[in-house]
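Beneath this line is the structure, given in structure tokens, with notes to follow.
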Amino acid sequence: MNRELHFTQKLLAWHRNDNKRIMPWKGEKNAYKVWLSEIILQQTKVEQGLAYYLRFLETFPNLRDLAEAEEDEVLRLWQGLGYYSRARNLHFTAKEVQAKYGGIFPKSSTELIQLKGIGEYTAAAISSFVNKEPIAVVDGNVIRVLARYFRIQLPFDSAEGKNFFREKANHLIDQQNPDLYNQAIMDFGATICKPKNPDCAACPLMDSCLAKQDNLISELPLKTKKVAIKKRYFIALYIETSHGIALQKREEEDIWKGLYQLPSFELKAFTKNLELQVNEILKREFPAEHFKLIELGKMQKQKLSHREIQIVFVHLKSQNEQILSDSYIYTRNLAKFAFPKVFILYFQSKGII
DNA sequence: AACCCGGGGCC
DNA sequence: GGCCCAGGGTT
20 MNRELHFTQK LLAWHRNDNK RIMPWKGEKN AYKVWLSEII LQQTKVEQGL
70 AYYLRFLETF PNLRDLAEAE EDEVLRLWQG LGYYSRARNL HFTAKEVQAK
120 YGGIFPKSST ELIQLKGIGE YTAAAISSFV NKEPIAVVDG NVIRVLARYF
170 RIQLPFDSAE GKNFFREKAN HLIDQQNPDL YNQAIMDFGA TICKPKNPDC
220 AACPLMDSCL AKQDNLISEL PLKTKKVAIK KRYFIALYIE TSHGIALQKR
270 EEEDIWKGLY QLPSFELKAF TKNLELQVNE ILKREFPAEH FKLIELGKMQ
320 KQKLSHREIQ IVFVHLKSQN EQILSDSYIY TRNLAKFAFP KVFILYFQSK
370 GII
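Laid out in structure tokens, this is it:
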């Protein structure tokens, strides 16, 4: 038995021996449900996405329900999960499939990949799970498992590396059971061949794993690029007005696009005299307004994969009856809007929601 | 090819 | 504090 066939057969046997992780979308043949689960699980761990999946299905039992929803409602359901373009693209594609395909999801990967929010991985996942199309998924799990077992010392974040891993994966996939194979290798990567402290003792492939033999487990897979973490600084104003709390929607091509926030102003940095910075912003943005300062909050940090966000929340009470700005929304029910996590945490700390 | 987009958990 | 996660879109 050659090395590739051995790998595939051992993996399928491991998967058959009740090593499957239990998830509601496993074995699902409804393309809508499979698609929904795959979008939610992009760059997201199963434990984090599960509750969102269940809530989405409850709210939008089928594609048409989702297509007919308002984008704000979709984003509200997505609140806290991150990568919000996934939610916007999810809604866009629901409408597109409803309009162009009569509500029936296309099944082939070449059609699927043309839809917004569906890339190589997701097209392979949906078409193999729903239609048994023999196309291999290549996600973080697959790259790690292949890099180690076959001792692939090519960085995967390069064009050459991507091509190599894709071709290798498509060479390994079981042609009769591509769905089971794709499930198996991802489950295997997530539970046995983990990034840190892999469970080699329980690994059915340990004896023939080249990285294990050469003590390269902790070195593989290779990656060339390193993410630069930039810092961003904001002052956010929680303003009580006679019309309600002032909000603004983030419309620009930037982080948290489509979500709502308290009126916020970005700074190059915070200085020692924070109150002075706040007063300068108030004078600049609301020259005719008078505020009562209720509370100058402590600086809050939110760490993201590629950003560190620092926000100072300022609680103010407007002393005038006029609205602050036409561009703001005024509400007494914050729970209706989708906010970035850092705002949710602030509202919770104040006991507002 | 480089850069952008969140949040959580693990070490 | 760094790394990774059932990645994809834009430039």
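Residue numbers (the working numbering): 20 to 372.
Every residue gets a Cβ at the ideal spot worked out from N, C-alpha and C, and that includes glycine.
Exercise. Taking all protein chains shown into account, do 16 or more other C-beta atoms lie within 10 angstroms of the C-beta of SER324, making it buried, or fewer, making it exposed?
Worked result: Numbered from 1 along the first sequence, position 305 holds the residue referred to as residue 324. So SER324 ends up on the exposed side.
Problem set entry | In chain order, each alpha helix (DSSP H) run of at least 4 residues that lies wholly inside the stretch 208-265 | 229-232
Exercise. GLU340: buried (16+ other C-beta within 10 angstroms of its C-beta) or exposed?
Worked result: Residue mapping note: residue 340 aligns to position 321 of the first sequence, counting from 1. Exposed, by the Cβ-count rule.
Problem set entry | For ASP206 and ILE192, the rounded distance between their alpha carbons | The residue labelled residue 192 in the question sits at position 173 within the first sequence. The residue labelled residue 206 in the question sits at position 187 within the first sequence. Their backbone Cα atoms lie some 15 angstroms apart in a straight line.
For this session: For ASP180, collect the residues of the same chain with a Cβ closer than 6 angstroms to its Cβ; drop the 5 residues on either side in sequence, then sort them by chain order.
Result: Here residue 180 refers to the residue found at position 161 when the first sequence is read from its first residue. Strictly speaking, residue 180 in this sequence is Gly, with Asp absent from that position. Here the set comprises LEU173, PRO174.
Exercise. Applying the criterion that 16 or more other CB atoms from any shown protein chain within 10 Å of the CB defines a buried residue, is PRO125 buried or exposed?
Worked result: Start at 1 with the first residue of the first sequence, and residue 125 comes out as number 106. By the C-beta density criterion, PRO125 is buried, having at least 16 other C-beta atoms within 10 angstroms.
For this session: Express the C-alpha separation of VAL333 and PHE310 in angstroms, rounding to a whole number.
Result: Here residue 310 refers to the residue found at position 291 when the first sequence is read from its first residue. Here residue 333 refers to the residue found at position 314 when the first sequence is read from its first residue. Taking the straight line joining both Cα atoms gives about 11 angstroms.
Problem set entry | Nearest-angstrom Cα separation, counted from GLN202 out to PHE362 | Translated into the one-based positions of the first sequence, residue 362 becomes position 343. Translated into the one-based positions of the first sequence, residue 202 becomes position 183. Between PHE362 and GLN202, the C-alpha separation is close to 37 angstroms.
Exercise. Would DSSP call THR63 helix, strand or coil?
Worked result: Indexing the first sequence from 1 puts residue 63 at position 44. THR63 falls in the coil class under three-state DSSP.
For this session: Would you identify the three-state DSSP class for LEU335, choosing helix, strand or coil?
Result: Here residue 335 refers to the residue found at position 316 when the first sequence is read from its first residue. Residue state, collapsed to three classes: strand.
Exercise. Is it right to say THR129 is buried, meaning 16 or more other beta carbons lie within 10 angstroms of its own, or is it exposed?
Worked result: As a working mapping, residue 129 is identified with position 110 in the first sequence. By the Cβ neighbour-count rule, THR129 is exposed, with fewer than 16 other Cβ atoms within 10 Å of its own.
For this session: Could you tell me how far apart the beta carbons of ARG251 and ARG326 are, in whole angstroms, since I believe they sit closer than 8 angstroms?
Result: The residue given as residue 251 occupies position 232 in the first sequence. The residue given as residue 326 occupies position 307 in the first sequence. Contact flag correct, Cβ pair sits at about 6 angstroms.
Exercise. Is PHE79 closer than 7 angstroms to LEU73 when the C-beta atoms are compared?
Worked result: As a first step, residue 73 is located in the first sequence; it is residue number 54 there, counting from the start. As a first step, residue 79 is located in the first sequence; it is residue number 60 there, counting from the start. No, Cβ-Cβ distance for LEU73 and PHE79 is not below 7 angstroms.
Exercise. If you count every other CB in all the chains shown that lies within 10 Å of the CB of HIS25, and 16 or more means buried, which is it?
Worked result: Within the first sequence, residue 25 is the residue found at index 6, counting from 1. It counts as exposed.
For this session: For THR290, name the three-state secondary structure that DSSP assigns.
Result: The sequence position of residue 290 within the first sequence is 271, counting from 1. The answer is coil: DSSP assigns THR290 none of H, G, I, E or B.
Problem set entry | Runs of beta strand (DSSP E) wholly within the stretch 54-113 (minimum 3 residues, chain order) | none
Exercise. Leaving out five residues before and five after GLN329 in sequence, what residues of the same chain have Cβ atoms less than 6 angstroms from its Cβ?
Worked result: Within the first sequence, residue 329 is the residue found at index 310, counting from 1. TYR252, MET318, LYS320, listed in sequence order.
Exercise. Leaving out five residues before and five after GLU285 in sequence, what residues of the same chain have Cβ atoms less than 7 angstroms from its Cβ?
Worked result: As a working mapping, residue 285 is identified with position 266 in the first sequence. Excluding residues within five positions, the ones whose Cβ falls inside 7 angstroms are ARG251, TYR252, PHE253.
Exercise. Between the beta-carbon of VAL53 and the beta-carbon of ILE132, is there less than 7 angstroms?
Worked result: By 1-based counting over the first sequence, the position of residue 53 is 34. By 1-based counting over the first sequence, the position of residue 132 is 113. No, the Cβ-Cβ distance between VAL53 and ILE132 is not below 7 angstroms.
Exercise. Based on Cα-Cα distance, which residue from PRO223, ILE236, GLN232, SER227 lies nearest to ASN216?
Worked result: The residue labelled residue 216 in the question sits at position 197 within the first sequence. Considering only PRO223, ILE236, GLN232, SER227, the residue with the shortest C-alpha distance to ASN216 is ILE236.
Exercise. Using the C-alpha atoms, what's the distance from ILE300 back to PRO282?
Worked result: Working through the first sequence from its first residue, we reach residue 282 at position 263. Working through the first sequence from its first residue, we reach residue 300 at position 281. Looking at the two C-alpha atoms, the distance is approximately 11 angstroms.
For this session: Quick one: give me the first and last residue of the beta strand (DSSP E) that LYS320 is part of.
Result: By 1-based counting over the first sequence, the position of residue 320 is 301. Looking at the DSSP string, the run of the beta strand (DSSP E) that includes LYS320 is 310-322.
For this session: Inspect the CB distances between the stretch 106-116 and the stretch 28-43 and report whether three or more fall short of 8 angstroms.
Result: Taking 8 angstroms as the limit for Cβ pairs, the verdict is that the stretch 28-43 does not touch the stretch 106-116.
For this session: Check whether the Cβ atoms of ALA357 and LEU134 lie closer than 7 angstroms to each other.
Result: For the purposes of this step, residue 357 is taken as the residue at position 338 of the first sequence. For the purposes of this step, residue 134 is taken as the residue at position 115 of the first sequence. The Cβ-Cβ distance between ALA357 and LEU134 does not fall below 7 angstroms.
Exercise. Do you know how far the Cα of GLN61 is from the Cα of GLY68?
Worked result: Sequence index remark: in the first sequence, residue 68 carries index 49 (1-based). Sequence index remark: in the first sequence, residue 61 carries index 42 (1-based). Whole-angstrom Cα-Cα distance: 9 angstroms.
Problem set entry | Contact belief for ILE258 with ALA265 at Cβ below 8 angstroms, rounded distance in angstroms | As a first step, residue 258 must be located in the first sequence, where it is residue number 239. As a first step, residue 265 must be located in the first sequence, where it is residue number 246. Contact flag correct, Cβ pair sits at about 5 angstroms.
For this session: Let me know the secondary structure DSSP gives PHE175 once reduced to three states.
Result: Numbered from its first residue, the first sequence carries residue 175 at position 156. Looking at PHE175 - three-state DSSP - the assignment turns out to be coil, as it is neither helix nor strand.
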